[in-house]
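Colleague: Take this structure, written in structure tokens, and hold onto it; I'll ask about it next.
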Amino acid sequence: MALPRLSLSAAVLVMCQTAWTQSPTYGLGRSPSSEEIRKWDIAISPTGKELPEGQGTAKEGELLYRSKGCAGCHGATGSGMHAPTLISRKDVKPNPAAFCLAPCVNDANSMSLHSPFATTLWDYINRGMPLGKEGSLTPNEVYALTAFLLYKNDVIKEDEVMDKQSLPKVKMPNRDGFGLPPAWKHGEPRLQGYP
Amino acid sequence: MDAKRRNRRGFLKSGAALAGLAAGGSKLAKGQTQGTPAKKIDELIAYGERSRFVTSIRVPVAERHSPDEFGLTFHVLTPLQDSSGIITPSSLFYTATHRGAFVPDIDPKEHRLMIHGMVDRPLVFTLDELKRLPYVSRIHFIECLGNRARPTHKTVQETHGLTSCAEWTGVPLPLLLKEAGVQSGASWIVAEGAEEVKGDSSIPLAKALDDCVVVYAMNGEPLRPQQGFPLRLMVPGFEGIYQIKYLRRIKVVDRYYMTYDDYGHINPDPKVAALTHIIGPKSVITFPSGGQQLSGPGFYEISGLAWSGSGAIRRVELSTDGGRNWKDAELRSPALPMAHTRFGYHWNWDGKECVLMSRCTDELGTVQPTRAEVAKYWNQPLDQNFRVPGADNSVQPWKITSNGSVQNGLA
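Structure representation (structure tokens):
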């Protein structure tokens, strides 16, 4: 009897500790539960450490692309409609503009391919799609749609399974084609020697 | 979803109100402008509005119209040509969203800010709790990287209208991060909004610990919904996409996260990336500016704005002969760090064709470049197609023709 009572009081102690934790100087705010953090922790690092369990393939993604309404805005072929191009068109030249005010619509610039990491694609489909039903896709569905777009843009093979291990390892065409914003320091110009 | 449904109902209601106005407008007495809101006097006593003779409005960027086919708002330009002083009225402040957005309808009682990641004490704050903390009020501009995406536009609203300046009130982010206890090895934060797309950006931790503010008020009142009600992040001097609206979460991390909003900043050339995320010293003459008309030779007060993402404006120079001679303009407002600064210049126009230009110098001594200087730096030919890499802060020429019309000198 003594042992369970001890662990119960230990548990109560831990719970109180959690509830009491506030900002040390002002005593405001509270500690979020691990479940609260998990629900909101949706920004996916290039290492993929926030990716959930689950998996999907291009074949599953192709069905979802139609059933979830993706094709209605992005076009059955991944371009040609009002929403940004998801599958590069090979019959038009890329837009030469250094950047677009909004993602490019109906051209050779595929939004799916721009990021150096496939995690960006998973992250964005998960947080921002479908329009009006954001956050409604299951992890398996997001893995499958990501696999479908990567396959249709010639990045992975049709039978490659995307999951939390394989997705961060996908080599995107733009993997080495970027420079990061430099480390910021107070009082330093944007770029030494620039007029 | 609920937020959007409410928003759409609101839209329908305002549409009905507009239709009513149009119908009522024709019945108005002679001398009144059609469409004047016929508000009751007690409504106007409770909440004032501008004169019906003042009609300055924002306009959507033409290249991607707002609202678009889905009802999303993209980029909407502030009417700089009508501006005075340095504060942009909240109702005319430019708005921009990366993927386009439905403005969310957030109940501030339900809104939370979570700080977590590489911290000793993850914390969640309500809005009431944040408002109990020590606060600052600061005047800062926000400018979109897409400002001046095309140098040949006609008016200053079209060329430079994606910048605005306001007074912002909120809790310094360094205070909040200190309360959470940033762990060693951390180097970036990811800040995220609560709107449908939950827009997020990676921000250097050094900047977050320097002068960022978690803002709840703008120009003396709660933030407007188009500006992030009830909470937004102010990252002074950094381009607009970092100023996360509807702020719900700050995660302290050890690397650049390459979010959807981040990847617009990457470039094969790290030098271009460096010129992309901070706004360089920039100025523009707002009067006289493109599309305006001078009534004839004589005295005019040239007026304009200068600002820099690296600090306060120290000097503004003006040329009335296309850049051959430069003279100091007068600063007509306080020159605050990362804030619009108003300048003026006495000018007697002789009625001959000429080109007006302004250029500014910020507190680091960086001088706003001409397009020719930028082209020379990049070793590229200077023609109409030359695009300034990163944020385009080059000198804007306005051509005054002999009949007094004002045109973009780059068009």
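Top to bottom, those sequences are chains A and B. For reference, each letter of the first sequence is one residue, going 1 to 195 in the numbering used here. For reference, each letter of the second sequence is one residue, going 196 to 606 in the numbering used here. Note that CB positions come from ideal geometry on N, CA and C, so glycine has one too. What you are looking at is a predicted structure, and each value in this text was computed from that prediction instead of being measured.
#1: Quick one: Cα of Pro-52(A) to Cα of Pro-139(A), how far?
#2: Should Asp-587(B) be labelled buried (16 or more other beta-carbon atoms within 10 Å of its own) or exposed?
#3: What is the rounded straight-line gap between the Cα of Pro-255(B) and the Cα of Leu-372(B)?
#4: If you compare alpha carbons, which of Leu-275(B), His-306(B), Val-583(B) and Asn-543(B) is closest to Gly-423(B)?
#5: Quick test of your reading: Asp-449(B) and Gly-365(B), contact by CB under 8 Å. State the CB separation rounded to the nearest angstrom.
#6: Taking Cβ positions, are Gly-394(B) and Leu-275(B) nearer each other than 7 Å?
#7: At a Cβ threshold of 7 Å, is Tyr-26(A) touching chain B?
#8: CB Leu-442(B) to CB Leu-426(B), shorter than 7 Å?
#9: So, at 8 Å on beta carbons, what are the nonlocal neighbours of Ser-286(B) in its own chain, with the 5 sequence-adjacent residues on each side left out?
#10: Determine whether the Cβ of Thr-561(B) lies closer than 7 Å to any Cβ atom of chain A.
#11: Does the beta-carbon distance from Pro-431(B) to Asp-456(B) come in below 7 Å?
#12: If you follow the beta strand (DSSP E) that Gly-295(B) is part of, which residue opens it and which one closes it?
#13: Report the neighbours of Ala-183(A) on chain B: residues whose CB is nearer than 9 Å to its CB, in chain order.
#14: Just mark Leu-605(B) as buried or exposed, buried being the case when its beta carbon has 16 or more other beta carbons within 10 Å.
#15: Check whether chain B comes within 7 Å of Ala-58(A), counting only Cβ atoms and requiring the distance to be less than that.
#16: Short of 7 Å Cβ to Cβ, which residues in the stretch 451-462 of chain B face chain A?
#17: Should Met-429(B) and Trp-363(B) be called a contact, given that it needs their Cβ atoms to be closer than 7 Å?
#18: For the pair the stretch 84-91 of chain A and the stretch 175-184 of chain A, tell me if three or more CB-CB distances fall below 8 Å.
#19: So Tyr-151(A) is in the alpha helix (DSSP H); what residue range does that whole segment cover?
#20: Evaluate contact between the stretch 71-83 of chain A and the stretch 158-165 of chain A, counting only Cβ atoms and requiring at least three cross-stretch pairs below 8 Å.
#21: Is it a yes or a no for the stretch 544-552 of chain B touching the stretch 568-582 of chain B, going by three-plus beta-carbon pairs under 8 Å?
#22: Could you please give me the residues that DSSP links to Trp-593(B) through a beta bridge?
#23: Run through DSSP, which three-state label would Glu-324(B) get?
#24: Is Met-172(A) helix, strand or coil by DSSP?
#25: Grab the span of the beta strand (DSSP E) containing Gly-72(A) for me, first residue to last.
#26: What would DSSP say about His-82(A), mapped onto helix, strand or coil?
#27: Let me know if Gln-192(A) comes out buried or exposed under the rule of 16 or more other beta-carbons within 10 Å of its beta-carbon.
#28: Of all the residues that make up the stretch 492-513 of chain B, which are near chain A by a beta-carbon distance shorter than 9 Å?
#29: Would Ile-310(B) pass as a contact of Ala-389(B) if the rule is Cβ separation under 7 Å?
#30: Contact criterion: CB-CB distance below 7 Å. Does Gly-87(A) meet it with respect to chain B?
#31: Name, going along the chain, the residues of the stretch 416-444 of chain B whose beta-carbon falls closer than 8 Å to a beta-carbon of chain A.
#32: Strictly below 9 Å CB to CB, what residues from chain A border Leu-318(B)?
#33: Starting from His-186(A), find everything on chain B with Cβ-Cβ shorter than 9 Å and list it in chain order.
#34: So, for Tyr-65(A): in the same chain, excluding its five sequence neighbours on each side, which residues have a beta-carbon less than 7 Å away from its beta-carbon?
#35: Which residue from Thr-354(B), Arg-554(B), Ala-412(B) and Gly-499(B) puts its Cα closest to that of Phe-482(B)?
#36: List, in chain order, every chain A residue whose beta-carbon is nearer than 7 Å to that of Gly-475(B).
Modeller: According to the structure data:
#1: Taking the first sequence and counting its residues from 1, the one referred to as residue 52(A) is at position 52. Taking the first sequence and counting its residues from 1, the one referred to as residue 139(A) is at position 139. Going from the Cα of Pro-52(A) to the Cα of Pro-139(A) covers about 7 Å.
#2: If you number the second sequence from 1, residue 587(B) lands on position 392. Within 10 angstroms of the beta-carbon of Asp-587(B) lie 16 or more other beta-carbons, which makes it buried.
#3: The count along the second sequence starts at 1 and reaches residue 255(B) at position 60. The count along the second sequence starts at 1 and reaches residue 372(B) at position 177. Distance between the alpha carbons of Pro-255(B) and Leu-372(B) is about 37 Å.
#4: In the second sequence, counting from the first residue as 1, residue 423(B) sits at position 228. When Leu-275(B), His-306(B), Val-583(B) and Asn-543(B) are compared, the shortest CA-CA separation from Gly-423(B) is found for His-306(B).
#5: Within the second sequence, numbered from 1, the residue matching residue 449(B) stands at position 254. Within the second sequence, numbered from 1, the residue matching residue 365(B) stands at position 170. Taking 8 Å as the upper bound for CB-CB distance, Asp-449(B) and Gly-365(B) are not in contact here, some 26 Å apart.
#6: Taking the first residue of the second sequence as 1, we reach residue 394(B) at position 199. Taking the first residue of the second sequence as 1, we reach residue 275(B) at position 80. For the pair Gly-394(B) and Leu-275(B), the CB atoms are not nearer than the 7 Å cut-off.
#7: The residue given as residue 26(A) occupies position 26 in the first sequence. Residue contact check for Tyr-26(A) against chain B: a CB pair falls below 7 Å.
#8: Along the second sequence, read from residue 1 onward, the residue named residue 442(B) stands at position 247. Along the second sequence, read from residue 1 onward, the residue named residue 426(B) stands at position 231. Yes, Cβ-Cβ distance for Leu-442(B) and Leu-426(B) is below 7 Å.
#9: Taking the first residue of the second sequence as 1, we reach residue 286(B) at position 91. Closer than 8 Å at Cβ, skipping near neighbours: Arg-419.
#10: Your numbering for residue 561(B) matches position 366 in the second sequence. At least one chain A Cβ lies under 7 Å of Thr-561(B).
#11: Locating residue 431(B) in the second sequence gives position 236, counting from the first residue. Locating residue 456(B) in the second sequence gives position 261, counting from the first residue. Contact: no.
#12: Numbered from its first residue, the second sequence carries residue 295(B) at position 100. It spans 290-296 - the beta strand (DSSP E) in which Gly-295(B) sits, taken as one unbroken run.
#13: If you number the first sequence from 1, residue 183(A) lands on position 183. By Cβ distance, chain B contributes Ser-382, Pro-399 and Ala-401.
#14: Translated into the one-based positions of the second sequence, residue 605(B) becomes position 410. So Leu-605(B) counts as buried.
#15: Residue numbering aside, residue 58(A) sits at position 58 when the first sequence is read from its first letter. Chain B contact via Cβ: absent.
#16: For chain A, the residues of the stretch 451-462 of chain B that bring a beta carbon within less than 7 Å of one of its beta carbons are Tyr-451, Tyr-452, Met-453, Thr-454, Tyr-455, Tyr-458, Gly-459, His-460, Ile-461 and Asn-462, in chain order.
#17: In the second sequence, residue 429(B) corresponds to position 234, counting from 1. In the second sequence, residue 363(B) corresponds to position 168, counting from 1. In contact: Met-429(B) and Trp-363(B) (Cβ atoms closer than 7 Å).
#18: At 8 Å Cβ cutoff, the stretches do not touch.
#19: Within the first sequence, the letter at position 151 stands for residue 151(A). Segment 139-152, the alpha helix (DSSP H) holding Tyr-151(A).
#20: They do not touch, by the three-pair rule.
#21: Segment contact: the stretch 544-552 of chain B against the stretch 568-582 of chain B, fewer than three CB-CB distances shorter than 8 Å; contact not assigned.
#22: Working through the second sequence from its first residue, we reach residue 593(B) at position 398. Answer is Leu-551(B) and Asn-603(B).
#23: Here residue 324(B) is taken as the residue at index 129 of the second sequence, counted from 1. Helix, per DSSP.
#24: Position 172 of the first sequence, counting from 1, holds the residue named residue 172(A). Met-172(A) falls in the coil class under three-state DSSP.
#25: Position 72 of the first sequence holds residue 72(A). Segment 70-74 is the alpha helix (DSSP H) holding Gly-72(A); no beta strand (DSSP E) there.
#26: Indexing the first sequence from 1 puts residue 82(A) at position 82. His-82(A) falls in the coil class under three-state DSSP.
#27: The count along the first sequence starts at 1 and reaches residue 192(A) at position 192. It is exposed - the Cβ of Gln-192(A) has fewer than 16 other Cβ atoms within 10 Å.
#28: Gly-504, Ser-505 and Gly-506
#29: Counting from 1 along the second sequence, the entry for residue 310(B) is found at position 115. Counting from 1 along the second sequence, the entry for residue 389(B) is found at position 194. No.
#30: Walking along the first sequence from the start, residue 87(A) turns up at place 87. First, the residue type needs correcting, since residue 87(A) is Ile and not Gly in the sequence shown. By this cut-off, Ile-87(A) is not an interface position.
#31: Arg-443 and Arg-444
#32: As a first step, residue 318(B) is located in the second sequence; it is residue number 123 there, counting from the start. Within chain A, the residues near Leu-318(B) are Thr-21, Gln-22, Ser-23, Leu-28, Gly-29, Arg-30, Ser-31 and Pro-32.
#33: Sequence index remark: in the first sequence, residue 186(A) carries index 186 (1-based). Ordered by position in chain B, the residues that pass the 9 Å Cβ test against His-186(A) are Ala-401, Lys-402, Asp-405 and Asp-406.
#34: Here residue 65(A) is taken as the residue at index 65 of the first sequence, counted from 1. Correct list, in chain order: Ala-71, Leu-145 and Phe-148.
#35: To locate residue 482(B), count along the second sequence from 1; it is residue 287. Minimum Cα distance to Phe-482(B) is reached at Gly-499(B).
#36: As a working mapping, residue 475(B) is identified with position 280 in the second sequence. Within chain A, the residues near Gly-475(B) are Arg-190.
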